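Input: a single structure, listed below in C-alpha cells.
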Amino acid sequence: GGFLAIAYEHIARKLGRSPLSTDLETLKHDTFFGREKENLVIPIALANLVLHGIDQPNLWHGNSLTRRATYGALFDKAPKQFDVILTNPPFGGKEGKDAQKNFAFETSSTQVLFVQDILAELAPKGTCAIVLDEGMLFRTNESSFVETKRKLVDECDLWAIVSLPGGVFSTAGAGVKTNLLFFTKAKKTERIWYYDLSHVKVGKKTPLTLAHFGFDKDGKPLADSALPANLTADWLEQEENAGKPFPSYARLLPLRGKAEADSRYSWTIDFAARRAKAREEMQPILAQAAETKAEVIDLKEKLKRLKKLKSSDAEVAALIGEINEKEKAARELEAQAAAIDAAVFDLKAVNPSTVAKFDDRSPAEIIQSIHDQGRIVAEALARLAALVENDDASLPMVDVARR
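So this is what it looks like as C-alpha cells:
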C-alpha cells in the first residue's frame, strides 16, 4: 500500500489545510484502489493505509492475472478503468495457462502480462508509472514481448524512461537492473525522452530517494546544493561544468520535447522516425519474399502437371527440391524482415553520452599489476597468520579429562 499512501499524502497537501469536507470524503473513500496477491502483505497494506488516513482501503486480495479473488468485497465499488496507475509488478516470475489465457499475447513472464493488464485498465488520457526490469525493455526474441511493447507504443504516449541504478530493489530480493516508465493513454508514441540515473551508487545505507530525481518532498526542484553527493559527484569533477546548474530530472522534465532537455544524463529518441526507417528497410525484403512465394505457387502448379503426366521420379524429385529451397528462402527473408521490425522495440536505455573506458595497458603491465596485487594479498595473509599464531600462544593450556 506504499504507493497509495504516498499518493494520498501528496493529494492531501495539494488540497491545503482546509479542504472541503466533500473533497476529503472522496479522497478517503473513493479515490484509491489497489490489488495485492500475498497473504502476509495484505493485512500490513490495510493497516498502512488506515494509519495514513485512508479510512476505507479499497484493496482486492488475489491474483489479478488469473482474476481469482481470495477476498474482493473491499473492491466492489472499483471502476473498470483508472485515471492513474502506479505499480511495481513482480518480474522474473512465471504464470501458468490459467493466467495466460486472459491475455492476447500469451507468455509465462509475469511482467509482460502485467503490462497488458495495465493497458486494458488504464482510462483514456490516464497516466501510468511502472517499474520494469531491463529484460522487458530490450528483449525482442519472443513475440509476446515485442507485441506487448508494440501495443504500448501504439495505444499510449511513452513519454519518459528513467534508467535506475543497479541494486535499487536488492533489499526486496530483486537484484536485476530496472527502469521507470511513464506513459499516457492518448496518441501514439512519437518521441521518447530518457533520463539516466544508472551512475548513482546505491545501497542499504544510501538508498535511491526523491532527491536523486531533483525534487523536494513537495515536488519542487531542489537547488544544486541540496542534491545528493552521489548524484552530482561525476558532474562536478568536469571542469567544463563549473558554474553550470546540474541537469537533474526535475529541472529537465518541463523541457521535454525541446533540445534543452537533452544533456549528459538525458537524450531523446525519435521513435516515429525509427519505425519509419525500419519499414523502409523491410519493404524490399518483404517484396522479395512475396516474389519468391509467388514463384513457389507457380512451381507447385507445375508439379501437379508433372504428376498428372506421370513424369519421371527424378524430374518430380528435382522440382520438389526446388520448391523446398524456394520456401526456405521465403521464410528466411520474412524472418529477416521480422527481425528488423522487432529491433524497433528494443527500448533499453543506452546513454549516447557515456564514454567507454578502455584499458590501454600493455600485456606486460597487466601481468605486473596482477603480480603486485598478489603480493599485497600474500603480505596481508602473512600478517593475519602471525596474529592468529600469537593469539594461540597466549591461550592457557586446558587439560580435558576423557572418560
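Counting from 11, one number per residue, gives the positions in the sequence shown under my numbering. Here a beta-carbon is modelled for each residue, glycine too, at the ideal position from N, C-alpha and C. Please read these numbers as outputs of a predicted model, since none were measured by experiment.
According to the Cβ coordinates, are residue i and residue j closer than 8 Å?
i	j	result
L142	L96	no
V354	A288	yes
F42	N68	yes
A352	V156	yes
T137	V94	yes
L220	K227	yes
V212	G177	yes
L132	F92	yes
T6	A109	Outside the shown range of the chain (11 to 413) lies residue 6, about which nothing can therefore be said.
I202	L168	yes
L30	Y18	no
K336	E375	no
E152	K187	no
I279	Y205	no
From the options, pick the residue whose C-alpha is nearest to that of residue i; which is it?
i	options	result
L237	F223, E250, D228 and D244	F223
L309	L262, V94 and E332	E332
V172	Y275, D382 and N240	Y275
I350	G82, A286, K107 and S235	A286
S74	P99, L61 and V94	P99
L123	G103, K135 and A133	G103
V163	A282, G213 and I330	A282
L174	N189, R385 and K214	N189
L329	E116, K317 and G12	K317
A239	F256, L50 and A269	F256
V146	D323, I16 and D356	Checking the displayed sequence, the identity of residue 146 turns out to be Met instead of Val. Ranking D323, I16 and D356 by Cα distance to M146 puts D356 first.
Q66	F85, T80, A79 and Y81	F85
F179	N49, K214, L246 and H20	K214
A83	N112, S372, L50 and R45	R45
A243	I64, S372 and L207	L207
K198	T216, A130, H209 and C166	C166
R78	I64, K47 and L61	K47
K363	D127, K187, D33 and H209	Per the sequence shown, residue 363 should be read as Ser rather than Lys. S363 has its Cα closest to that of H209, out of D127, K187, D33 and H209.
A114	G106, Q121, S154 and K90	S154
A299	E249, A339, I307 and W277	A339
G253	I386, S235, E311 and V125	S235
A233	A260, N251, W277 and H39	A260
I307	L319, E325 and N334	N334
P89	H62, D40 and A392	D40
H62	L319, L391, I16 and E325	I16
L14	R284, I64 and A390	I64
F225	L262, G384, R284 and N400	L262
Provide the residue(s) that pair with residue i in DSSP beta bridges, ordered along the chain.
i	result
Y81	H71
T194	T137 and D167
S276	Y205 and S273
I418	What is shown of the chain runs 11 to 413, which leaves residue 418 out entirely.
P175	For P175, which the question treats as bridged, DSSP gives no partner whatsoever.
K104	S119
R45	W70
D143	T188
P231	F225
L132	F92
Can you tell me whether residue i sits near the ligand FMN, meaning its C-beta is under 7 Å from at least one heavy atom of the ligand?
i	result
R77	By its list of ligands, the structure shown contains no ligand whatsoever, and the ligand FMN lies outside what it can speak to.
Could you round the C-beta distance between residue i and residue j to whole angstroms and report it? I think they count as a contact, below 8 Å.
i	j	result
A170	R266	7 Å
I52	H71	5 Å
P231	S258	7 Å
L129	K161	6 Å
K135	A196	6 Å
K314	F148	About 47 Å; that fails the 8 Å criterion.
request  = Could you tell me whether the stretch 283-299 touches the stretch 342-350, where touching means 3 or more Cβ pairs closer than 8 Å?
outcome  = With the cut-off at 8 Å, the stretch 283-299 and the stretch 342-350 touch.
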